[in-house]
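See structure below.
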């Protein structure tokens with residue numbers, strides 16, 4: 708799993724690609740925890756190139772959101788329609804602000 | 622009906638997904654239906670590996686894909702400990718963020734994503750999970 712992070716003035720953007728499932732969700736979790744350990748609680752997850760996310764990935768995002776709030780927030784940018792539909796189906800979509808593109812998500816903070 | 626054997630490893634989830642995707646597309650499912658099959662099969666396989674076998678091991682997960690007139694039937698066989706699907710608690714959905722607990726979501730998703738979900742277990746055959754996704758009826762242009 709290739710994960711890149713970019714620091715901005717008021718937030719950090721994390722980007723990865725492909726699928727997130729039980730095999731690599733722990734790695735995503737580690738990366739997000741490392742960002743938070745650096746004192747950053749405003750995080751944009753750039754999902755432009757993520758085409759599949761199983762519930763193992765969602766739990767990582769839920770845990771991260773719980774850690775970031777209050778005082779910070781994890782937001783999702785450019786989320787795939789299939790992932791968005793399944794998140795909404797189980798009522799988890801409401802836990803995250805979503806943005807059409809990364810620029811808008813960074814601008815939110 | 623093609624059946625493929627996978628060993629019990631989370632690292633095989635992508636191969637499992639690719640395998641069922643091939644037949645989901647062949648069955649004429651649309652993008653959203655294909656995603657539903659991918660997610661349901663991924664959740665089922667993850668449950669077998671993490672909760673059924675309890676660990677990564679050489680044991681089998683056999684997957685049969687049956688392209689039918691109106692969609693796709695996926696059958697997953699394993700030899701893990703049997704379980705009672707009714708014993709899996711329904712996840713609490715639409716609750717405040719701080720109250721949500723990571724449990725029961727895999728089974729819930731399978732039921733939501735697929736049109737039919739049936740689980741059977743016996744000593745001779747092991748566990749058999751059958752899931753069906755129907756193709757949406759589309760207008761045929763003339």
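Protein chains in written order, with this note's numbering: chain D, 708 to 816; chain H, 622 to 763. Ideal placement from N, C-alpha and C gives every residue a C-beta, glycine not left out.
Query: Grab the span of the beta strand (DSSP E) containing residue 767 (chain H) for me, first residue to last.; Result: Shown here, chain H extends from 622 to 763; a query on residue 767 (chain H) therefore has no answer.
Query: For residue 740 (chain H), does the three-state DSSP call read helix, strand or coil?; Result: strand
Query: Based on Cα-Cα distance, which residue from D:762, D:790, D:763, D:747 lies nearest to residue 756 (chain D)?; Result: D:790
Query: Measure how close the beta-carbons of residue 767 (chain D) and residue 735 (chain D) come, nearest whole angstrom, since I'm counting them as under 8 Å.; Result: 5 Å
Query: Under the rule that 16 or more other beta-carbon atoms within 10 Å means buried, what is residue 758 (chain H), buried or exposed?; Result: exposed
Query: CA-CA distance, residue 806 (chain D) and residue 746 (chain D)?; Result: 23 Å
Query: List the residues that DSSP assigns as beta-bridge partners of residue 755 (chain H).; Result: H:692
Query: Please identify the residue among H:732, H:709, H:733 whose C-alpha is closest to the C-alpha of residue 724 (chain H).; Result: H:709
Query: Secondary structure at residue 703 (chain H), three-state DSSP: helix, strand or coil?; Result: coil
Query: Just to confirm the assignment, what range does the beta strand (DSSP E) spanning residue 789 (chain D) have?; Result: Taken as a continuous stretch (DSSP letters only), residue 789 (chain D) belongs to no beta strand (DSSP E), being part of the alpha helix (DSSP H) at 788 to 796.
Query: Who pairs with residue 686 (chain H) in a beta bridge, going by DSSP?; Result: H:695
Query: Cutting at 8 Å between CB atoms, please list the residues of its own chain near residue 711 (chain D), excluding the five before and the five after it.; Result: 721, 722, 723
Query: Assign residue 763 (chain H) to one of three DSSP states: helix, strand, or coil.; Result: Bear in mind that a pLDDT of 43 at residue 763 (chain H), under 50, signals an unreliable position, so the number given afterwards is only what the model happens to contain. Coil, per DSSP.
Query: If we define contact as Cβ-Cβ less than 8 Å, is residue 644 (chain H) a contact residue for chain D?; Result: no
Query: Please state whether the Cβ-Cβ distance between residue 718 (chain H) and residue 716 (chain D) is less than 8 Å.; Result: no
Query: Report yes or no: do the segment 647 to 659 of chain H and the segment 681 to 700 of chain H share at least 3 C-beta pairs separated by less than 8 Å?; Result: yes
Query: For the ligand GDP, is there a heavy atom less than 7 Å away from the beta-carbon of residue 716 (chain D)?; Result: Looking for the ligand GDP in the displayed structure turns up nothing, as the structure carries no ligands at all.
Query: Would you tell me roughly how many angstroms separate the C-alpha atoms of residue 679 (chain H) and residue 775 (chain D), rounded to the nearest one?; Result: 39 Å
Query: Which parts of the segment 744 to 814 of chain D are runs of the alpha helix (DSSP H), unbroken and 4 residues or longer, counting only runs that do not cross its ends?; Result: 762 to 775, 788 to 796
Query: Beta-carbon of residue 680 (chain H) versus every beta-carbon of chain D: anything under 8 Å?; Result: no
Query: According to the Cβ coordinates, are residue 747 (chain H) and residue 668 (chain H) closer than 8 Å?; Result: no
Query: Indicate whether residue 704 (chain H) and residue 797 (chain D) have their beta-carbon atoms separated by less than 8 Å.; Result: no
Query: Going by beta-carbon coordinates alone, are residue 729 (chain D) and residue 763 (chain D) separated by less than 8 Å?; Result: yes
Query: Going by Cα to Cα distance, which pick from D:758, D:740, D:754 is closest to residue 653 (chain H)?; Result: D:758
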